[in-house]
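Please read the structure below before turning to the comments.
Numbering (the working numbering), first residue to last: 51 to 462.
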C-alpha cells in the first residue's frame, strides 16, 4: 500500500515533536496528543552528541539551540578521591564528525521543537490521556486512540513516544512489558558557577569525577559559562530510594537527600567542596530511580509502533536522545520511502530491523557503565583508576562509531 496518509503521535516530550517534523518532511499529516495540560518543565541539561546534532541541523534547529546551550568538545575524567586527571575523550569535533556536542536544558530543547512544529501547522492537543488503543480487524487500514475523556481519534498509524511508562506499549504493543528498577539512581540540579567551590578544579566544559560510591558530573549549560548543571549517578538498593513527590521528581526530604549525596564524596580530597557547594545550591534538587526495559521487548504491532524510551529505555549512556531522534528519522523514512506495494507491517518490520543492532550496542555500553557505579573497596577503585586509560580507549572507539552514525544514510 502507499505511504500512510495520517498519523497519531502519543507524547509531546522530545522524541514526539522530532518525529512529527520527520513525518512532515515526508508529507505525512500528523497530530500529537499529550496527557499533560502544558509542556513539561522538568528535566536537566542534556548532552546532545554529534549524531543527534546532525539530525537537528537537517531540520534547521541548530542555530537557535547553539544560542541556548554550551558547546562541548571533550569529556574530562578525574579521580573523585585524589583529583588526579584520568583522561579525556572527544565529545565532538567539526573536523571528525562535522559537529560538536551541545549541553542544553531539556526544557529549551523541547520549546524549540514545539515552536518548530507549530510553525508548520502541526497541532499538539493537551489534556489527552490515552487509555487504550483499538485496531481494525486483521488487514484493516486504521487504528484508533481512546482517551480518558471518552473521545477517540483514528489514523493510518499510531506512534508511541510516551516514554518509559508508555501506555501505548503497556496497553497494546507489548502488554505486560513493564519497566523495572535498574539499581541505579540519578540526582541533578543547577548552580551558579560563581557559587561553586573550584579550588584545584580545572576543566574545559564538562568533567566527570569517578568515585567509589558513584560519579559526579559537572557541565556548563549556557553559552556564557555562568551556570553549571550537575548530576550524580549512583547505585542505590531498591528499598533505599528516597520517597518522591507525586507530581514529579522532587524528593520529599530534599535536605536529607542532598546530604546523602554529598556524603558519598566525603573521601574526596579535591572534589569534596565542589560537590558540596554545587549540590547545596539554592536551586532545587531532582532525584529519580533509573528504570529500564528488557532488550527483547516488542516495538511494534499492526499499525502501532514505539520510538525512544517507550521502546528501549536503558540506564544512562549518553545516547538516549540521539537514539530517539534516529528512531524518528528511520521510521519516517521507511514510511515515506519504501515502495508503494510495501504494507504498513512490512515498513514497521524494516524499522525494527534497522534499529535493533544500534540500540543493542548502546545497551551493551550502558551495562558496562552500570557495573562501574557499584560501590567498591578503595583498592578496587585504585585498580580501576590505574586502568582507566584502557577503559577510555574502548569507550572512545564506541563513541566514535555512535557519533559518526547518520540515519539519513541507512538503506531502507
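Glycine included, each C-beta is placed from N, C-alpha and C at the ideal position.
These figures come from a predicted structure and were not determined experimentally.
CA-CA distance, residue 62 to residue 211, rounds to 7 Å. A residue is called buried when at least 16 other Cβ atoms come within 10 angstroms of its Cβ; residue 344 does not meet this threshold and is exposed. Within a 10 Å sphere around the beta-carbon of residue 53 sit 16 or more other beta-carbons, which makes this residue buried.
Between the segment 351 to 360 and the segment 244 to 259 there are fewer than three C-beta pairs closer than 8 Å, too few to call the two in contact. Annotated as proximal: residue 120 and residue 275, with beta-carbon spacing under 8 Å. Relative to the Cα of residue 128, the nearest Cα in the group 273, 59, 307, 318 belongs to 318.
Inside the segment 323 to 358, DSSP marks no whole alpha helix (DSSP H) run of 4 or more residues. With the rule of 3 Cβ pairs closer than 8 Å, the segment 231 to 242 does not count as touching the segment 383 to 395. Contact check for residue 195 and residue 207: beta-carbon distance about 11 Å, past the 8 Å limit, so the pair fails to qualify. In the DSSP secondary-structure assignment, residue 280 is bridged to 239, 268. Straight through space, the alpha carbons of residue 382 and residue 201 are spaced by roughly 27 Å. Around residue 311, the same chain offers 237, 282, 329 as residues with beta carbons nearer than 7 Å, after the five sequence neighbours per side are excluded. Note on geometry: alpha-carbon atoms of residue 173 and residue 164 lie some 9 Å from one another. Under the three-state reduction of DSSP, residue 134 is assigned to coil, being neither helix nor strand.
No Cβ-Cβ contact shorter than 8 Å links residue 69 with residue 175. Distance from the CA atom of residue 374 to the CA atom of residue 65, rounded to whole angstroms, is 6 Å. Around the beta carbon of residue 160, 16 or more other beta carbons lie within 10 angstroms, which makes this residue buried. The beta carbons of residue 324 and residue 247 sit closer together than 8 Å. Setting aside the 5 residues that flank it on each side, residue 372 is surrounded in the same chain by 99, 101, 102, each with a C-beta closer than 6 Å to its C-beta; the list follows chain order.
Membership of residue 385 in the alpha helix (DSSP H) is indicated by the continuous run 370 to 387. Judged by DSSP secondary structure, residue 101 falls outside any beta strand (DSSP E) and instead within the alpha helix (DSSP H) spanning 100 to 108. Per the C-alpha coordinates, the member of 316, 231, 224 positioned closest to residue 264 is 316.
When DSSP states are grouped into helix, strand and coil, residue 210 belongs to the strand group. Excluding residues up to 5 positions away in sequence, 150 lie with their Cβ nearer than 7 Å to the Cβ of residue 144 in the same chain. Nearest neighbour of residue 83 by Cα position, chosen from 413, 326, 229, 203, turns out to be 203. Check the Cα spacing between residue 169 and each of 226, 416, 139, 111: the tightest is with 111.
Following the DSSP letters along the chain, one finds residue 69 inside the alpha helix (DSSP H) bounded by residues 65 to 75.
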